[in-house]
Amino acid sequence: MAPILPPPAGGRTGFGGRDIWKSFNITSFRAQVGPTGGSRGYERVTGQSGWGISWWINEELIPVLHVERGKTYTFVVEGGVDASNSARYHPFYITDNSKGGGSKEDPAVLSKKPCVAGTGRYCEWTHKTVDKSDESSTWEDFKQTLNLQCDVGQPGNFTWTPDKDTPDVVYYQCFTHYYLGWKIMVTDPDQPERGRGKDRMESGRGEDRMESGAGLTTALLPLLLLGVIVSKAA
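Counting in the UniProt record's numbering, the sequence shown runs from 1 upward without gaps.
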């Protein structure tokens, strides 16, 4: 089960991009796949057209994660393990590249710094019938039109501790596809939190790398040191 977030005030007419503040004291994030929320979802939040699916974190569509340097966070990943099925294989990783898709980047700029990210069984929020994002009055109404379906198997699991070298803004993304995720805002313990405001997805290229291999945790992260990462079996 994903940690329960405090209920927002009133119904939300926009889909996605909710701030998961440090003050919520959430240190565990469950990453699953789900719909983009139509014109009121991924594109509205990021300013980019999505791939058709998006990351859902703790049952929220591409929320903004707020984390603190020196604090350890657990990521439970359910984005698929079958590399032969691209549509159901979404390795989760943390990067300074806003668009993700590190496997598609130029090998000349790839990192040589090994860090572990996660893969795990496939879980997807699917439409019970058809996409009703345009018909739903609120986010809560839209979620009622979805079912969570999970393959047999175990989730991936890793911990991440952002440190002094971690940039103020990084991204959780999919290694094999562009534009599935969104922002992680990183602050020091004594710093106030920063909302995402009207920020949109920046263009540009980060440095990403991944190696294939067996197991639930197989990814490599960017050259830029994003923090201390420890892999765990589920």
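Note that beta-carbon positions come from the ideal geometry of N, C-alpha and C, so glycine has one too.
Taken atom to atom, the span from the alpha-carbon of glycine 80 to that of valine 152 is near 11 Å. With a cutoff of 8 Å on beta-carbon distance, valine 64 and aspartate 134 are scored as not near each other. Linking glutamate 68 to phenylalanine 24 through their CA atoms gives a straight-line distance of about 12 Å.
Of the other Cβ atoms in all chains shown, 16 or more fall within 10 Å of the Cβ of glutamate 60; this residue is therefore buried. Phenylalanine 175 sits in coil when the DSSP states are folded into three classes, being neither helix nor strand. For glycine 38, the secondary structure class from DSSP, reduced to helix, strand or coil, is helix. With a beta-carbon spacing of about 5 Å, proline 155 and valine 76 fall inside the 8 Å limit used to define contacts.
Judged by their CB atoms, isoleucine 53 and glycine 34 are nearer to each other than the 8 Å cut-off.
Residue environment: threonine 13 is assigned as exposed (fewer than 16 neighbouring CB atoms within 10 Å of its CB, all protein chains considered). Residue His177 holds the alpha-carbon nearest to the alpha-carbon of glycine 100 among His177, Asp82, Thr187.
Shown here for glycine 50: same chain residues with a beta carbon closer than 6 Å to its own, the five before and five after excluded, namely Thr36, Tyr42, Tyr179 in chain order. Considering only Gly11, Trp21, Gly16, Thr129, the residue with the shortest C-alpha distance to glutamine 191 is Trp21. Rounded to the nearest whole angstrom, the C-alpha separation of threonine 95 and serine 39 is 26 Å. Taking the Cα positions, asparagine 97 is about 11 Å away from proline 167.
Residue burial is scored here from C-beta neighbours: glycine 181 has at least 16 other C-beta atoms within 10 angstroms and is therefore classed as buried. The Cβ atoms of threonine 27 and tyrosine 73 sit closer than 8 Å to each other. DSSP places alanine 2 in the coil class of the three-state scheme, outside both helix and strand.
Counting C-beta atoms within 10 angstroms of its own C-beta, glycine 102 has 16 or more neighbours from the protein chains shown and is therefore classed as buried. DSSP, read as helix, strand or coil, puts aspartate 188 in coil.
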